[in-house]
Amino acid sequence: MTKLTHINLCLGICLAFCSSVFAAESSIIVQSTTSTANSGLYDQLLPRFQRDTGITVHVVAVGTGQAIKNAKNCDGDVLLVHARAAEQKFVAEGYGVARHDVMYNDFVFVGPPADPAAIAGGHSALAALARIASTKSKFASRGDNSGTHKKEVALWKQAGIDPTSDSGGWYLETGSGMGATLNAAVGSGAYTMTDRATWISFKNRQDYQIVVEGDDKLFNQYGIILVNPQKCSNVKREPAQKFIDWVLSKKGQDAIAAYQLDGQQLFFPNGN
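This note's numbering applies: residue 448 is where the sequence shown begins, and numbers increase by one.
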């Protein structure tokens, strides 16, 4: 091997190594709730962010409880979920640097046209749950510690009802994501609670309709958090913070507001 060839080979190896390091540093992992992914929102946001920054975002879409667990295990750089109390605890325990509001929508109750609990047209979540329980009408719960499930559990508690005592009867715990739970509800003639974005994007509604909406208790806030590099040394702080800053910027917030399906806005930005 000539000296020039050797030098060229070394340069090639160095360039390949540097390129792989740069590619690794210019990508981040976002541990996310499923609704933001299933609704198609990331298809709206991520290409724009990548064009602006050169940073690739890989999304792990799971229930909020699992997303928080993954982030605690240092399996991500950013957390984007919808369970404020759990998010605040995540930060208070030192796993997150700071929490910021990003956007909101709401939860709704959907049900079959027969409406066995006679709750259609109502605007009180607690009254609807009380009617469902008293009539023992089927209700499909995610039962997966997701943000939606956490909200549902909180509402049952406020209504003074423990539905798990009838688990396997009228109360059906799927242990699954929102899409699978909606399919289970439609297949069994059960009511369920879902975030509006997932409902709008859901393709198997059949004759199901929203039966209860408009209660302030059904407000659904999303938050974004940088995973703490002091807890997780593998966190790519700089590109992760760039993603958070972009999402909270006017450009990111406008992109969230502009996302629609069937002429309906799915999320309403309120980043700070």
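Where a beta carbon is used, it is the ideal one built from N, C-alpha and C, also for glycine.
Reference residue i; option with closest CA among the options
i: Gln605; options: Gln491, Glu534, Ala577, Gly661; result: Ala577
i: Asn667; options: Phe554, Glu540, Leu629, Gly501; result: Phe554
i: Ile735; options: Val674, Ala702, Gln700, Gln712; result: Outside the shown range of the chain, which is 448 to 719, sits residue 735, and nothing can be said about it.
i: Ser614; options: Ala572, Phe586, Ala565, Gln700; result: Phe586
i: Ser635; options: Lys536, Tyr655, Phe496, Thr595; result: Tyr655
i: Trp603; options: Thr639, Lys678, Ala644, Trp693; result: Thr639
i: Arg652; options: Asp663, Tyr669, Gly626; result: Gly626
i: Arg684; options: Cys521, Ile579, Ala637, Ser612; result: Cys521
i: Lys678; options: Ser581, Pro494, Gly523, Phe496; result: Gly523
i: Ala508; options: Ser571, Arg495, Ser482; result: Ser482
Terminal residues of the alpha helix (DSSP H) in which residue i lies
i: Phe496; result: 488 to 500
i: Ile691; result: 684 to 695
i: Phe554; result: Premise fails: Phe554 lies in the beta strand (DSSP E), 543 to 558, not in any alpha helix (DSSP H).
i: Glu620; result: Where Glu620 is concerned, there is no enclosing alpha helix (DSSP H), although the beta strand (DSSP E) it sits in stretches over 618 to 620.
i: Phe649; result: Element bounds for Phe649: n/a, residue is neither H nor E.
i: Asn630; result: 625 to 635
i: Gly512; result: 511 to 519
Buried or exposed by the 16-neighbour rule on C-beta atoms within 10 Å, applied to residue i
i: Ser466; result: Because the pLDDT of Ser466 is 40, which lies under 50, any placement of that residue in the model is unreliable, and the question is left without a value.
i: Asp490; result: exposed
i: Asp591; result: buried
i: Pro610; result: buried
i: Ala601; result: exposed
i: Gly710; result: exposed
i: Thr641; result: buried
i: Ala545; result: exposed
i: Arg498; result: exposed
i: His505; result: exposed
i: Gly543; result: buried
i: Asn719; result: exposed
i: Glu540; result: exposed
i: Asn552; result: buried
i: Thr595; result: buried
Residue j beta carbon less than 9 Å from that of residue i
i: Val528; j: Phe690; result: no
i: Leu629; j: Trp646; result: yes
i: Ile671; j: Val538; result: no
i: Pro716; j: Ala704; result: yes
i: Val658; j: Gly558; result: yes
i: Thr503; j: Ser473; result: yes
i: Asp567; j: Ser584; result: According to the sequence displayed, residue 567 carries Ala and not Asp. No.
i: Leu708; j: Ser648; result: yes
i: Leu492; j: Gly699; result: yes
i: Ala533; j: Thr511; result: yes
i: Ser486; j: Ala644; result: yes
i: Ala530; j: Lys597; result: yes
Span of the beta strand (DSSP E), counted from its first residue to its last, around residue i
i: Ile566; result: Counting along the chain, Ile566 falls outside any beta strand (DSSP E), and DSSP gives it neither H nor E.
i: Ser731; result: Nothing can be reported for residue 731: it is not among the residues displayed for the chain, which extend from 448 to 719.
i: Ala508; result: 503 to 508
i: Leu665; result: It is not in any beta strand (DSSP E) - Leu665 carries neither H nor E in the DSSP assignment.
i: Ile476; result: 474 to 479
Coarse secondary structure for residue i, derived from DSSP in three states
i: Leu713; result: coil
i: Gln677; result: coil
i: Ile608; result: coil
i: Ser581; result: helix
i: Asp591; result: coil
i: Ile703; result: helix
i: Ser394; result: Summary: the structure shown does not reach residue 394, with the chain confined to residues 448 through 719, and so no result is reported for it.
i: Leu451; result: Note that Leu451 scores 45 on pLDDT, short of 50, meaning its location in the model is unreliable; the coordinates nonetheless yield the value given after this. Of the three classes helix, strand and coil, the one that applies to Leu451 here is helix, per DSSP.
i: Ile642; result: For the record, residue 642 in the displayed sequence is Asp; it is not Ile. Asp642: strand per DSSP, three-state reduction.
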